[in-house]
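Scroll down for the structure; my scribbles are underneath it.
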Amino acid sequence: MNTTNMKQIMARAFVAALLAGLAACGGGGGGSSSTSATGNTTSNSTTTTPATSTTATTNTVSSATPTATPTASTAANTVPVVVSFTQFNRANSPLASVTICTAGTGATANCSTIDNVLVDTESFGLRLFASAIPSSTLNTLNAQTQTSTGATIAECALFGSGYTWGTVRNVDLKMSGEVAQNVPIQVVSDSTLAASAPSACQQQPVLAQPTDLGANGILGVGVAPQDCGGQCVSNSPAGTYYACSGTSCGVANEPLAQQVGNPVQFFATDNNGVVLEMPAVGSTGAVSSTGTLVFGIDTQANNTLAGAGATVLGTDLSGDFTATYNGVTYTSNAFFDSGSSVLFFQDSSIGSSALKYYIPSTTLSRSVSIAGTNLVTATVDFNVANANTLFATGNYAFNDMAASMTSVFDMGMPFFYGRHVYYGITGTASAGGGTGPYVAFTSS
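With mature numbering (1 follows the signal peptide of the UniProt record, and there is no 0) applied, the sequence shown corresponds to residues -26 to -1, 1 to 418, in that order.
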């Protein structure tokens, strides 16, 4: 895990702990708007690889009220993404369903569909709570073991609201018409793992059950192919992969092919990235919002980036770029993160609650300048409303909810409403984005 990632994670953890107390407030929309599951788990390195086909452009401006509409979620490379009331009572939580099956069966044997999985564009890999997987499927999923010792491979993953600890198992994955075979996933709180999380992992509250997270799992579809990358292949750092025998665990190296990673890369086609598309919502929010997660970029008529008039930003290997707000520059510390339920940034001129939500007396207009590693720049306008007022509406989807956070500029779920946001996987290419990693967006 690189220093930049740790800085982001710890900053988000601080705010998440403060926000968690709001879970029961504000009526229907008063579900906790903590970060839920944000943050990079790990990344391949700190080296930057810009999108190669994009040349520097003059600054563009993206409106605070974007109007793009989502593609219908009826094609084989699409699944619906829903923000609404669930048993977890979380606002701005984009949820989808995934189907997992016994590995090596072409997604045809012992399959179960897991609903209410958080779509997280700033992490990498599928993580499901063991309690959310029916035993008829779970018991058929082979756990990874260390070749030399036979010890069980376990993983610790750090997020903005806590950490997950569990085994690594392989599955066949199906989402709509897309099938991925032999995908390594993390099974969180797996009862077959006798060992507790090592101390290097226990830096934040544990996410031990779905109610801790507000979802049955995390679908990490950010730009990194693996959640740790080359640094875990040899001389693996503490706090990531472990080999466990009984109650004892030691740091383990993990080959790239066995690491938990973005499952989209395993699809036969439509495997170079994703597009998250959400409809616009009004200034007081909406009871629910249904968008679309589209697989592939420039691979089908419904995921075109080339010629779409998008802003394409080259990023580092975690999907991060640079932002400047109020004279402060966040170098490679800004990101578009659907797993964050609000916009997180620091502005001492805006009043905030004890839980760090911004609560201005009237809705404020703000803007942030962003820049990719490919020298593309843009200005994004956004609004900041009173969070207490928004929660009182009973709504669940908000485009103008924000909270205080230092060190990063986290453009969370409010940014996504009314936009198409693209994520190009590292090392893959598209006609409109060049070679990943990159992010891109359209606003109309």
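Each residue gets a CB set at the ideal place from its N, CA and C atoms; glycine is no exception.
(request) Let me know the secondary structure DSSP gives Gly410 once reduced to three states. (result) strand
(request) Using alpha carbons as the reference points, say which of Tyr331, Thr351, Thr347 and Ala168 lies closest to Ser322. (result) Tyr331
(message) Less than 8 Å between the C-beta atoms of Val157 and Gly140, yes or no?
(response) no
(message) For Gln274 and Gly78, I'd like the C-alpha separation in whole angstroms.
(response) 27 Å
(request) For the beta strand (DSSP E) holding Pro184, just list the boundary residues, first then last. (result) Careful: Pro184 lies outside any beta strand (DSSP E), inside the alpha helix (DSSP H) at Pro184 to Leu187.
(message) Let me check understanding here. Comparing Cα to Cα, which of Ile399, Tyr299, Ala371 and Asp311 lies closest to residue 435?
(response) Outside the shown range of the chain (-26 to 418) lies residue 435, about which nothing can therefore be said.
(request) Work out the CA separation of Ala280 and Val238 for me, nearest whole Å. (result) 20 Å
(message) With a threshold of 8 Å, are at least 3 pairs of Cβ atoms found where one atom belongs to the region 114 to 126 and the other to the region 250 to 267?
(response) no
(request) Select from Val268, Val350, Gly406 and Phe390 the residue whose C-alpha is nearest the C-alpha of Ala49. (result) Val268
(request) Please report how far the alpha carbon of Val53 lies from the alpha carbon of Asp244, in whole angstroms. (result) 13 Å
(request) Please name the residue in Ala297, Phe241, Asn357 and Gly301 whose C-alpha comes closest to that of Ile344. (result) Ala297
(request) Determine the burial state of Val195: buried for a count of at least 16 other Cβ atoms within 10 Å of its Cβ, exposed for fewer. (result) buried
(request) Assuming Val93 and Leu193 form a contact by the criterion Cβ under 8 Å, report the distance between their Cβ atoms to the nearest whole angstrom. (result) 5 Å
(request) Rank Ile324, Met252 and Gly346 by C-alpha distance to the C-alpha of Thr303 and give the top, closest one. (result) Gly346
(message) I'd like the list of long-range same chain contacts for Asn362, defined as Cβ closer than 8 Å, with 5 residues on each side in sequence excluded.
(response) Gly(-1), Ser327, Tyr331 and Ile333
(request) For Leu187, count neighbouring C-beta atoms within 10 Å of its own C-beta (all shown protein chains included) and say buried if the count is 16 or more, exposed if not. (result) buried
(message) For a minimum of 3 consecutive residues, which ranges assigned as the beta strand (DSSP E) are wholly contained in the region 287 to 368?
(response) 295 to 299, 302 to 310, 317 to 319, 338 to 345 and 351 to 358
(request) Taking Ile410 and Gly401 to be in contact with their CB atoms under 8 Å, please state how far apart those CB atoms are, rounded to whole angstroms. (result) It should be pointed out that residue 410 corresponds to Gly in this sequence rather than to Ile. Indeed they touch by this definition, with Cβ atoms about 6 Å apart.
(message) Given this structure, state the Cα-to-Cα distance separating Ser417 from Ala70, to the nearest angstrom.
(response) 23 Å
(request) Check whether the region 377 to 396 touches the region 213 to 228, taking contact to mean three or more Cβ pairs, one atom from each stretch, closer than 8 Å. (result) no
(request) Take Met149 as the anchor and find which of Thr214, Glu96, Leu100 and Gly256 has the nearest alpha-carbon. (result) Leu100
(request) Measure the C-alpha to C-alpha separation of Ser404 and Val413 and round it to an integer number of angstroms. (result) 12 Å
(message) Quick check: what's the CA-CA separation for Phe59 versus Ser67?
(response) 9 Å
(request) On the DSSP bridge assignment, give the partners of Asn144 in chain order. (result) Pro158
(request) Go ahead and label Leu115 buried or exposed: buried means 16 or more other beta carbons lie within 10 angstroms of its beta carbon, across all protein chains shown. (result) buried
(request) With Thr264 as the anchor, note down where its beta strand (DSSP E) starts and where it stops. (result) Ser263 to Phe269
(message) Within a Cβ cutoff of 6 Å, which residues of the same chain sit near Val35, ignoring the five residues on either side of it in sequence?
(response) Thr353
(request) Can you tell me which of the three DSSP states Gly191 falls into? (result) strand
(request) Using alpha carbons as the reference points, say which of Ala38, Thr41, Thr73 and Leu102 lies closest to Gly151. (result) Thr73
(request) Kindly indicate which three-state DSSP category Ser219 falls into: helix, strand or coil? (result) strand
(request) Quick one: residues in its chain with C-beta nearer than 6 Å to the C-beta of Val55, no 5 flanking neighbours on either side, listed in chain order? (result) Pro68, Ala70, Val93, Gly265 and Leu267
(request) Could you check what DSSP says for Gly196 in three-state terms: helix, strand or coil? (result) coil
(message) Just to confirm my understanding: we take Asn90, look at its own chain, exclude 5 residues before and 5 after, and list those with CB closer than 6 Å. What are they?
(response) Thr60, Leu69, Ala189 and Asn190
(request) State buried or exposed for Ala285, treating a residue as buried only when at least 16 other CB atoms are found within 10 Å of its CB. (result) It is Thr, not Ala, that sits at residue 285 in the sequence shown. By the neighbour-count rule (16 or more Cβ atoms within 10 Å), Thr285 is buried.
(message) So if DSSP puts Phe98 in a beta bridge, which residue, or which two residues, is it bridged to?
(response) Val195
(request) Let me know the secondary structure DSSP gives Pro54 once reduced to three states. (result) strand
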